Amino acid sequence: MERRTFIKLAGASALASPLARPAIAQGTTTVRWWYHFDNPQHSPAELIAKFEAANPGIKVQAESIPWGGGNDYQTRLFAALVAGNGPDCAMVRLSWAARFQQMKALSPIDDLIAGWDGRSDIADNIWKINRGADGKQYYLPLQYVVLYLYYRQDLLEQAGLKPPGTFDEFRAAAKALTKGDVSGFGLRGGAGGFDHWGPFVLGGGANFEKGGMVSDKALAANRWFVDLTVKDKVVPASAPTDSFRQIVDTFKAGRTAMTIHHVGSANEIVGVLGDKVSAVPVPRGPDGKGWTYFGDESNAVFAASKAREAAFKWCAFLSTAENNVVLNKFTGQLPIATSAAKDWTLHPKRFVDASAASLPFAASLPDSPKTPDFIARIWPANMQRALLGQIQPDEMMRAIEQHFHG
Amino acid sequence: MTSLTLAHRQPLGRSLTPFWFLLPAILVTAGVVLIPVAQTAWLSLQDYLLYDPDNARFVGLGNFARIARDEVFWISLGQSFIWIIGVVGLQFLLGLAAALLLNQSFWWRGLARSLVIIPWALPSVIIGLMWTWMYDFNLGVINDIAMRLGLIAAPIAWLARPDTALYAIMLALIWQGFPFFAVTILAGLQTVPAELYEAAEIDGATARQQLFYVTLPSIADVIATALLLRTIWVANSLDVILVMTGGGPGYATHTLPLYAFLRASSSMEFGYGAALALILTAMLLGVVYLYVRRAARGIET
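Read top to bottom, the protein sequences are chains H and B.
Quick note on numbering that gives the first Met the number 0: the first sequence kicks off at 0 and runs consecutively.
Quick note on numbering that gives the first Met the number 0: the second sequence kicks off at 0 and runs consecutively.
Laid out in structure tokens, this is it:
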């Protein structure tokens with residue numbers, strides 16, 4: 000070997016070795032899995048140990064990726080896939096499905112699901128929600144949350160009101176509860192706040208079809224929603240930029256009487272407010288229709304994976320009854336496996352019930368490559384400008400229509 | 000000039016020798032700077048979506064034409080100027096004042112000099128989170144103190160109001176960055192010979208005259224270098240804004256690098272994002288040129 004060739008080869012292998020997968024023993028398949036837990040101190044090590052003991056030929060290399068409101072995780076995942084260094088499988092959201100589809104990052108897993116015992120333990124409507132546009136399954140459901148309305152039982156009782164079930168009741172309650180330094184509704188206008196806007200505007204008649212944001216009904220619903228801030232002033236002055244941490248902390252501090260979030264924050268809130276807090280499904284619109292966000296989380300096996308079956312085995316393991324329970328202990332969400340949900344005790348029952356009661360009208364956002372940008376940029380910028388009176392509410396709806404339909 | 004004329008008289012091999020010594024550095028610079036920059040320039044000429052790399056199209060200057068018509072670009076550009084001038088200017092004044100104080104002798108000067116570094120040593124994300132909670136509408140300490148002192152009647156949502164959000168973030172960044180000026184200027188101050196002050200005092204100069212006619216002219220070089228460096232850093236910084244408001248409310252805290260980042264990161268429009276970043280780079284090149292010229296002069300003398 001010439002000296003120069005040797006140096007080149009040595010250099011190349013030195014560069015490549017940290018990237019190479021550890022080949023511990025011959026015949027061992029390594030599955031790289033990306034995940035995120037809201038609490039970074041939780042680790043899936045216990046689940047991995049159990050899985051590896053049951054599947055001696057497979058090693059799981061779990062990589063915790065920062066979530067960053069979804070944007071950080073998503074950008075890293077797409078960048079890794081484009082660069083050809085993506086994981087074999089990863090936790091994914093439905094709203095990214097169209098982007099995956101467009102870059103052909105996924106392949107159907109119907110054949111693998113058919114051979115998996117646990118498939119009947121996941122409800123039919125969940126399989127349906129997670130189905131691709133072409134009717135094939137690309138995602139293996141893992142866990143879920145449904146957005147519901149938190150309310151202060153004590154304050155509502157003092158005001159002689161019952162938990163609001165309709166928009167009108169909600170507005171009346173929010174007005175009645177706004178007193179002194181307490182605001183009726185802790186509105187989330189910052190990152191991720193589309194799930195506060197959806198129940199009232201999508202539930203009030205707007206939709207993502209062409210023209211669906213600029214119909215008379217849609218425009219009226221959005222004006223009504225903006226008026227909660229601009230005219231009724233039932234939200235804190237910081238609402239336009241308040242995000243997850245602010246709405247939860249403000250509610251815990253007793254500065255708001257109602258807010259919208261999911262079971263993931265229930266234990267934290269009950270820890271402070273105890274029996275003073277409860278939950279109901281979000282209010283429904285004038286025509287009895289409603290909309291709430293189905294916060295999905297699935298695992299997907301990527302088309303580029305050389306360990307397709309082993310990766311599926313690991314994902315299926317996580318969605319199987321008792322393992323699914325352990326996983327949800329770490330994530331604070333609700334198990335997807337029906338048998339695991341039955342005896343669920345990790346959250347107070349009233350919040351699990353409110354989640355279940357919300358399921359019939361829970362929906363995800365449209366399966367479009369433009370959805371992630373709607374969540375991260377178009378919605379917040381336009382919503383905030385509308386809430387601050389910098390643009391008319393109708394302009395906001397036109398901007399959303401423009402974003403999806405040009 | 001002399002080295003150039005000398006080179007002509009020497010054999011070719013020998014005049015190339017310095018370049019061989021430079022080669023490793025040039026290769027590394029090319030690998031980590033020049034190639035990525037060229038790639039960005041190439042990206043800026045394409046309609047490149049990260050989730051749809053197969054359908055990337057060459058659009059020439061199309062992205063730049065779109066930028067010229069983009070309302071948000073112009074808003075971001077205007078706010079970038081406010082951001083740079085306000086932050087660098089106030090950091091400098093505060094840093095100068097701190098340096099002059101720390102140059103006095105008092106018994107806990109050593110401690111004070113270490114303490115002043117703290118904001119500079121903290122990670123930007125921590126600073127962003129810390130100030131976000133200090134500014135918080137319901138629970139923030141700033142509203143609390145201001146109300147107890149009777150400065151304001153009701154709490155102010157500092158980060159949610161378009162008229163205060165940008166300035167609130169600027170204050171956080173000024174706090175973070177002034178130690179850089181303080182330390183740099185302090186180092187400069189210590190090089191000013193004491194004889195100059197003695198002479199000035201003998202001539203009957205007041206403290207104010209000493210500052211303007213002795214101190215400042217003596218450290219003018221240090222100040223100029225620090226200002227240029229800091230301008231480049233502040234113009235590029237987006238981390239604190241990203242943590243504190245993400246650019247909101249609306250576009251109230253959008254600056255150019257933040258907008259480029261949002262377009263590249265959340266919209267995954269790498270072509271458009273690259274074009275925005277290039278515009279920022281082109282504008283900063285002017286400042287970089289001044290800095291490099293200054294640095295080169297330092298080497299020659």
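The beta carbon of each residue, even a glycine, is placed where N, CA and C say it ideally should be.
Note that this is a predicted model, so its numbers are computed, not measured.
For His404/H, there is no enclosing beta strand (DSSP E); the enclosing alpha helix (DSSP H) has its first and last residue at Pro392 to His404. In terms of Cβ geometry, Val124/B and Val242/B form a close pair [threshold 7 angstroms]. With respect to the 7 angstroms criterion, Val279/H and Ala353/H are classified as neighbours on the basis of their beta carbons. Separation of the CB atoms of Ala310/H and Ser304/H is rounded to 5 angstroms, and the pair is thereby assigned contact status at 8 angstroms. Here the C-alpha atom of Pro154/B lies approximately 43 angstroms from the C-alpha atom of Ile218/B. In this chain, the beta strand (DSSP E) harbouring Thr291/H covers Thr291 to Val300. Ranked by Cα distance from Gln401/H, the options Asp372/H, Gln383/H and Leu386/H are led by Asp372/H.
Within the stretch 84–136 of chain H, the complete alpha helix (DSSP H) runs of at least 4 residues fall at 96–101, 109–113 and 123–128. Beyond the five residues adjoining it in sequence on each side, Thr255/H comes within less than 6 angstroms, by CB distance, of Ser182, Gly185 and Thr249 in the same chain, given in chain order. With a contact defined as Cβ atoms closer than 8 angstroms, Ala172/H and Val200/H miss out at about 19 angstroms.
Boundaries of the beta strand (DSSP E) around Leu148/H: Tyr147 to Arg151. Contact between Ala398/H and Gly249/B is ruled out by a C-beta separation of about 11 angstroms, above the 8 angstroms threshold. According to DSSP, Glu62/H shares a beta bridge with Trp33/H.
Sequence-distant partners of Gly191/H (beyond 5 residues in either direction) whose C-beta falls short of 8 angstroms from its own C-beta, in its chain, are Gly68, Gly69, Ser242, Phe243 and Ile374. Taking 7 angstroms as the cut-off between beta carbons, the residues of the stretch 95–115 of chain H near chain B are Arg98, Gln101 and Met102, in sequence order. Annotation note: the stretch 150–204 of chain B contains no uninterrupted beta strand (DSSP E) run of length 3 or greater.
Along the stretch 242–254 of chain B, the positions whose C-beta sits under 7 angstroms from a C-beta of chain H are Thr244, Gly245, Gly247, Pro248, Gly249 and Tyr250, read in chain order. In chain order, Pro162 and Met257 place their CB closer than 6 angstroms to the CB of Tyr150/H, counting only its own chain and leaving out the 5 sequence neighbours on each side. Remark: C-beta atoms of Leu257/B and Gly246/B approach each other more closely than 7 angstroms.
Here Met382/H carries a helix assignment [DSSP, helix/strand/coil].
Using a C-beta cut-off of 8 angstroms, the stretch 103–114 of chain H makes contact with the stretch 293–303 of chain H, since at least three inter-stretch Cβ pairs fall below that distance.
Taking the Cα of Ala96/H as reference, the smallest distance to any Cα among Thr344/H, Gln391/H, Arg307/H and Asp295/H is reached at Asp295/H. Judged by DSSP in its simplified three-state form, Lys305/H adopts coil rather than helix or strand. Gly405/H and Gly210/H have their C-alpha atoms some 11 angstroms from each other.
Around the beta carbon of Val30/H, 16 or more other beta carbons lie within 10 angstroms, which makes this residue buried. When C-alpha distances from Gln60/H are compared across Asn54/H, Asp71/H, Tyr72/H and Ile47/H, the shortest belongs to Ile47/H. Measuring C-alpha to C-alpha distances from Pro392/H to each of Val144/H, Asp226/H, Gln40/H and Gly202/H identifies Asp226/H as the nearest. Taking C-alpha positions only, Gly263/H is separated from Gln101/H by approximately 32 angstroms.
At least one C-beta of chain B is nearer than 7 angstroms to the C-beta of Gln383/H. Secondary structure note for Ala256/H: its beta strand (DSSP E) is the uninterrupted segment Thr255 to His260.
Comparing C-alpha distances from Asp220/B to each of Asp202/B, Arg292/B and Val233/B shows the shortest one belongs to Arg292/B.
Interface annotation for the stretch 266–298 of chain B against chain H: Ser266 and Met267, criterion Cβ-Cβ distance under 7 angstroms. When Cβ pairs closer than 8 angstroms are counted between the two stretches, the stretch 162–180 of chain B is seen to touch the stretch 84–93 of chain B, the count reaching three or more. For Tyr50/B, the residues of chain H that pass the 7 angstroms Cβ criterion are Phe77, Arg98, Gln101, Met102 and Pro368, in the order they occur in the chain.
Per DSSP, Val324/H is one residue of the alpha helix (DSSP H) stretching across Ala320 to Thr330.
Ile222/B sits away from Leu283/B, with the two beta carbons spaced by 7 angstroms or more.
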